[in-house]
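Numbering (my numbering), first residue to last: 308 to 662. All remarks here apply to the structure that follows.
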Ligand SMILES: Cc1ncc(COP(=O)(O)O)c(C=O)c1O
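Next comes the structure, spelled out in structure tokens:
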């Protein structure tokens, strides 16, 4: 299998791809409902939650929108220190909410104290924050942010995007007090794109009942009624659910703590390698992603030449995102990637640097 060290869509193991090839079933059959239920229940372990996990036929952005539509009547605060946090802010704006943006520089972690100050003054119903900014390789201190919010405004709902970290880093939804935690299939879960997973707390579900204009497709109150019967209002992405069911067994067999440790070890190795080769890490120490490392292009290499070189060896990395294109490049170490793959990549990169 060729190795894509890109932060999604990532390589999918052959046996997981094969799991999608199972024959279709009527989606309102007992056989399919059992698979649907099993996949959702196993997913709860990844979210560290006793609450419900919705499986939607959409990518993660669909659930960013669902959070805004279902749980916010009017006012929301978006914490923005990267491209995907900015997207969530825009999703709230385009859905007609009154949204304040609390911005930090992209290389700066969100500050729990500044967020608590803003929440204290603002009268917000909810905040949005990205756990792992795929654009910068920065991991926000979500646990501390949630704690700080709870100390000043305990009723504020906390929505967390873990699109590029859930399943690769430990995020304890219930212990941290998160109200909606969402992810996509094509990153740390190492599935094809097209499925999103979102866990929602009871208090958020209660609030949703009083929110108007929740829409139809992503109306989580409607979805919950169906979910309680192991079903969904519209046709689910059945092949992806087959693959999720199968992949969750593989993930749980590896062991979550072991899986997270594998990701951290690869992150550390990539960071140390970059620094030993005169390239610094974009995110500050203590806030570096476990699943994707953004390296500053201090040596001024051509990222497209590097990728052309790597592609001849059946590997590829990702250029910097948006304004960071060519100024940085990104090495993802998530999903099926193992340390021996990283070693192979770094060896090839060394060869390229020597040229
Ligand atoms: C942190 C983060 N949030 C949201 C998204 C959007 O997810 P999707 O493309 O699954 O809608 C991405 C995509 O890369 C992401 O990395």
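All residues carry an ideal CB built from backbone N, CA and C; glycine is no exception.
Would a C-beta distance cut-off of 8 Å place residue 406 and residue 417 closer than the cut-off?
-> no
Buried or exposed: which applies to residue 308, given that a residue is buried once 16 or more other Cβ atoms fall within 10 Å of its Cβ?
-> Residue placement at residue 308 cannot be trusted, given a pLDDT of 49 that sits under 50; what the coordinates show is reported in the next sentence. Looking at its Cβ environment, which holds fewer than 16 other Cβ atoms inside 10 Å, residue 308 is exposed.
If you compare alpha carbons, which of 446, 366, 499, 565 is closest to residue 327?
-> Ranking 446, 366, 499, 565 by Cα distance to residue 327 puts 499 first.
Any idea if residue 462 is buried or exposed, counting beta-carbon neighbours within 10 angstroms, 16 or more meaning buried?
-> Counting Cβ neighbours within 10 Å, residue 462 comes out exposed, since fewer than 16 surround it.
Of the choices 632, 596, 622, whose alpha-carbon is the least far from that of residue 604?
-> 632
Go ahead and pull the three-state DSSP assignment for residue 505.
-> strand
Checking contacts by CB at 8 Å: is residue 653 closer than that to chain B?
-> Structure shown: chain B not included; a single protein chain is present.
For residue 652, name the three-state secondary structure that DSSP assigns.
-> helix
Determine the burial state of residue 523: buried for a count of at least 16 other Cβ atoms within 10 Å of its Cβ, exposed for fewer.
-> For residue 523, the number of other beta carbons within 10 angstroms of its own is below 16, and it is reported as exposed.
Taking contact to mean at least 3 C-beta pairs separated by less than 8 Å, is the segment 374 to 381 in contact with the segment 551 to 560?
-> no
Identity of the residues DSSP links to residue 433 by a beta bridge = 383, 464
Just the C-alpha distance for residue 576 and residue 324, rounded to the nearest angstrom, thanks.
-> 29 Å
Taking 7 Å as the cut-off, is the CB of residue 368 close to at least one heavy atom of ligand 1?
-> Indeed, a heavy atom of ligand 1 lies less than 7 Å from the Cβ.
Helix, strand or coil: how does DSSP classify residue 441 here?
-> DSSP places residue 441 in the coil class of the three-state scheme, outside both helix and strand.
Same chain, Cβ closer than 8 Å to residue 396, five either side skipped, listed in chain order = 385, 387, 406, 408, 435
Residues near residue 365 in its chain [Cβ-Cβ closer than 7 Å; skip 5 each side] = The residues 503, in chain order, have a CB closer than 7 Å to that of residue 365 in the same chain once the five nearest residues on each side in sequence are set aside.
Using a Cβ-Cβ cut-off of 6 Å (strictly less than) and excluding sequence neighbours within five positions of residue 329, which residues of its own chain qualify?
-> 549
Nearest-angstrom Cα separation, counted from residue 501 out to residue 368 = 11 Å
Going along the chain, which residues of its own chain have a beta-carbon closer than 7 Å to the beta-carbon of residue 542, five neighbours each way excluded?
-> Taking residue 542 as the centre and dropping the five residues before and after it, the same chain places the C-beta of 334 closer than 7 Å to its C-beta, in chain order.
Any non-hydrogen atom of ligand 1 within 7 Å of residue 350 CB | Within the chosen limit of 7 Å, ligand 1 does not reach the beta carbon of residue 350 with any heavy atom.
May I have the straight-line CA-CA distance separating residue 586 from residue 611, to the nearest angstrom?
-> 17 Å
Is the Cβ-Cβ distance between residue 637 and residue 627 less than 8 Å?
-> yes
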